[in-house]
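This report concerns only the one structure given below.
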Amino acid sequence: MYMKKTYGQNMTKACPFCGAAAYAKNKDGVPVCANHKHATLGEMKCVCGSFLEQKTGKWGAFFVCETCGPVNMKKALSVNDVQAPAKKVERARGPKKDEWGNAVEEVVRPDDPRYFS
Ligand SMILES: [Zn+2]
Ligand SMILES: [Zn+2]
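Here it is, written out as structure tokens:
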């Protein structure tokens with residue numbers, strides 16, 4: 000018996016940011032992986048160039064274009080280059096150091112002709 004692979008509603012959704020299995024949802028109702036639970040898609044554009052309005056319906060998140068009407072998530076993602084938001088790196092920034100331990104001041108040598116002429 001030949002089992003046909005079906006792509007349908009029961010497929011595990013992929014995280015739009017990294018492609019991992021999306022078992023979680025972000026605050027917009029977009030299926031995402033656990034790592035991107037707090038990531039949002041941001042501004043999404045339609046194929047026509049208009050900005051899409053994100054909505055959440057019975058079947059999850061989708062988009063609405065004022066020109067084209069409803070656009071599903073898959074289509075929207077195929078148009079937009081969604082990137083995982085960069086992790087905020089907290090940089091410990093101390094006071095700016097002008098010198099790196101190397102003395103910059105002039106060292107007066109005992110045989111300096113300017114002082115011992
Ligand atoms: Zn992810
Ligand atoms: Zn459109």
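Start counting the sequence shown at 0; every next residue gets the next number (numbering that gives the first Met the number 0). Even for Gly, the Cβ is constructed at its ideal location relative to N, Cα and C.
Helix, strand or coil at residue i [DSSP, three-state]
i: K24; result: strand
i: K117; result: The structure shown does not extend to residue 117, since the chain spans only 0 to 116, so no value can be given for it.
i: K44; result: strand
i: V78; result: helix
i: A33; result: helix
Classification of residue i by the beta-carbon crowding that lies within 10 angstroms, buried from 16 upward
i: P30; result: buried
i: N25; result: buried
i: H35; result: buried
i: C47; result: exposed
i: A60; result: buried
i: Q53; result: buried
i: P15; result: buried
Beta-carbon separation (whole angstroms), residue i vs residue j, contact threshold 8 Å
i: A23; j: T11; result: No, A23 and T11 are not in contact; Cβ-Cβ is about 12 Å, not under 8 Å.
i: L51; j: V63; result: 7 Å
i: A85; j: A38; result: Rounded, the Cβ-Cβ distance is 10 Å, inconsistent with contact.
Notebook entry, point to check: What residues come near ligand 1, if near means a beta carbon less than 6 Å from any of its heavy atoms?
Noted result: C14, F16, C17, A19, V31, C32, N34 and H35
Next item on the list: Give me every residue whose Cβ sits closer than 5 Å to any heavy atom of ligand 2, in chain order.
Entry: C45, C47, S49, C64, T66 and C67
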